[in-house]
Amino acid sequence: MKLTEDIRDEIEESLFAAHLSADQYLNRQRPSYEKMLKISVKEAITLLEKYKEELGDDPRLENYKLHLFVPLQIHQLIEMRKGQENAEQP
1 MKLTEDIRDE IEESLFAAHL SADQYLNRQR PSYEKMLKIS VKEAITLLEK
51 YKEELGDDPR LENYKLHLFV PLQIHQLIEM RKGQENAEQP
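As structure tokens, this is what we get:
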């Protein structure tokens with residue numbers, strides 16, 4: 001089954017939200033932007049997982065993965081930093 005335009009729009013909007021929240025976090029580094037980043041990345045991943053069968057042969061799949069790469073990496077770096085800070089505290 002192919003993706004409908006509504007589903008494609010939903011995926012692309014979630015990827016845009018992840019990009020926007022990553023940009024806002026990098027520019028301002030406030031806790032609220034960190035939360036927005038975490039939520040938007042999780043939402044984008046959830047949508048990609050939800051529609052993975054439809055995305056299997058979609059020509060835009062690689063673009064979607066690339067667009068999520070930077071926000072996901074920033075989110076993972078934040079989590080790694082928090083883990084290191086927690087490990088250093090007695």
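Going by my numbering, 4 is the number at position 4 of the sequence shown; the sequence numbering is gapless.
No residue lacks a Cβ here, since even glycine has one placed at the ideal position from N, Cα and C.
Cβ of residue i within 8 Å of Cβ of residue j?
i, j, result
"Tyr-25", "Leu-37", "yes"
"Ile-7", "Tyr-64", "no"
"Ile-78", "Glu-34", "yes"
"Asp-57", "Leu-3", "no"
Let me check you understand the geometry: is the CB of residue i closer than 7 Å to at least one non-hydrogen atom of the ligand FAD?
i, result
"His-67", "You won't find the ligand FAD in this model; it holds no ligand whatsoever."
Residues in its own chain within less than 7 Å of residue i by CB, not counting five upstream and five downstream?
i, result
"Leu-61", "Leu-55"
"Ala-18", "Ser-40, Val-41, Ala-44, Leu-68 and Pro-71"
Given that a residue counts as buried once 16 or more other Cβ atoms are within 10 Å of its Cβ, and exposed if not, what is residue i?
i, result
"Ser-21", "buried"
"Leu-47", "buried"
If we define contact as Cβ-Cβ less than 8 Å, is residue i a contact residue for chain D?
i, result
"Gln-84", "Absent from the structure: chain D. Only one protein chain is present."
(message) When you compare the stretch 69-83 with the stretch 36-53, are there three or more beta-carbon pairs, one atom per stretch, that lie closer than 8 Å?
(response) yes
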